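Below is one structure, written out as structure tokens; comments come after it.
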């Protein structure tokens, strides 16, 4: 397979499932560091540039859980590839000036993350802290790093983007000049076709955490399963669509506040790799996207050769890690009705970001003539599967909003669940959490409502 590493076109015969971090370290690229090897700390972060719509689009990704097969035909940039010839770039200089470097182990990852942010943000965007939500520093402290980030961003607001962001960053000495020629180099790379038989791989953010390899991996994103599209009646989400693409989708945000709802799902680098198909097929009882789409009464499209079938997502889960999925059958897409609804998503975890939920829940509904219509309530972490709360949903149909109705819905939901004691909390605690999250749904959707305990 071929790709560009910094300024050099590379060709390797390594397995497509070999981890990019391990490959880079093996060939002597030492700027990428191994910290957690789980996609949590950002020490191994690299820029991945992909040719899209006649432009090269870059994003920061964790190389420790990124298989080589996903970088074929792309531009891989390590910290070595961001160095200018005779001086530090403004991000590096700002970190130095503001005391944002101590041991230096995490610094390359922070530089990569900030560069990706500057390559993609709208010029008026000021939420720079989101750029480094996937990076951990254990010794310097974050205030100095954030000061450096703000300092480095001062130039960005005055950039002339008329010739494109990459050209503007090169002119401002943020990027080396070789970046201007990458687009033509990528056009010249011939990408090998995916194998006809093998192991289907979505994002791999769970698979590759355990350093597992996939024999003859078939990457669904490379098969075109990563698109979001719509017709008059439905919005379709490809199984290999990553979470960040879903979060920022114009089609979905026209219907719901998806950008806000999914902001707490992992960190930005993970959201750019993890997929809805992987989240669902992994069958975790607390998968955030699964819970979200259950509350949207989503349908799932399955394909096996020439045979296709459609079923409700809520019918896809048969038991703990047991799915209504035939051998060699794959998930092709998810679809929801193209209609605006009130939607709430809540999640309780040990940390605000980058954490697995103890309990999560989502609720969608419409209000017609002051009555609830088409309510769909879901919950995670409260049973062996991601749960669609059928009885509570049925109870809410045609009810008028009131404190008593909300309490009764929560009581009915409590009869449907079967939580267990584990590291994320006791069964009693999880029952309490679900009740409170149901209350939270209604209080957020109807601020005038008061639900007393």
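Residue numbers (our numbering): 2 to 454.
All residues carry an ideal CB built from backbone N, CA and C; glycine is no exception.
It should be emphasised that the depicted structure is a prediction, and the values quoted were computed from it without experimental measurement.
Between residue 109 and residue 137, the gap from beta carbon to beta carbon reaches 8 Å or more. Under a 10 Å Cβ-count criterion, residue 419 is classified as exposed, with fewer than 16 other Cβ atoms of the shown protein chains found around its own Cβ. Contact check between the region 163–171 and the region 377–384: fewer than three CB pairs, one atom from each, fall below 8 Å, which does not count as touching. Residue pairing by DSSP places residue 62 opposite 47 in a beta bridge.
Here residue 250 is buried: its Cβ has 16 or more other Cβ atoms, across all protein chains shown, within 10 Å.
Annotated as proximal: residue 219 and residue 199, with beta-carbon spacing under 8 Å.
Taking the Cβ atoms as the reference, residue 299 lies roughly 5 Å from residue 335, within the contact range of under 8 Å. Here residue 395 is exposed. Its C-beta has fewer than 16 other C-beta atoms within 10 Å.
A check of alpha carbon separations from residue 359 across 398, 288, 313 identifies 288 as the nearest.
The C-beta separation of residue 372 from residue 401 comes to about 6 Å, placing the pair in contact by the 8 Å criterion. Nearest to residue 67 by alpha-carbon distance, out of 155, 45, 365, is 45.
A distance below 8 Å separates the beta carbons of residue 229 and residue 247.
Per DSSP, residue 373 lies in no alpha helix (DSSP H) segment; the continuous beta strand (DSSP E) that holds it begins and ends at 372–381.
Shown here, residue 361 sits in a strand according to DSSP, grouped into three states. Taking residue 434 as the centre and dropping the five residues before and after it, the same chain places the C-beta of 349, 359, 360 closer than 7 Å to its C-beta, in chain order. By the beta-carbon neighbour count (other beta carbons within 10 angstroms, threshold 16), residue 285 is buried.
Of the residues 8, 337, 2, the one whose Cα lies closest to the Cα of residue 195 is 2.
Remark: C-beta atoms of residue 119 and residue 157 approach each other more closely than 8 Å.
Cβ neighbours of residue 443 within its own chain (closer than 6 Å, five residues either side excluded): 407, 450. Going by C-alpha positions, residue 55 is about 12 Å away from residue 183.
The C-alpha of residue 169 is placed about 30 Å away from the C-alpha of residue 12. Measuring C-alpha to C-alpha distances from residue 92 to each of 414, 24, 145 identifies 145 as the nearest. In the three-state reduction of the DSSP assignment, residue 345 falls in the strand class, which pools E and B.
Here the C-alpha atom of residue 25 lies approximately 35 Å from the C-alpha atom of residue 159.
Taking a cut-off of 8 Å for Cβ pairs, the region 101–108 and the region 30–50 touch, as three or more such pairs fall below it. Taking a C-beta distance under 8 Å as the contact criterion, residue 152 and residue 95 qualify as a contact pair.
Here the C-alpha atom of residue 323 lies approximately 28 Å from the C-alpha atom of residue 259.
The shortest CA-to-CA distance from residue 417 to any of 155, 391, 123, 276 is the one to 391.
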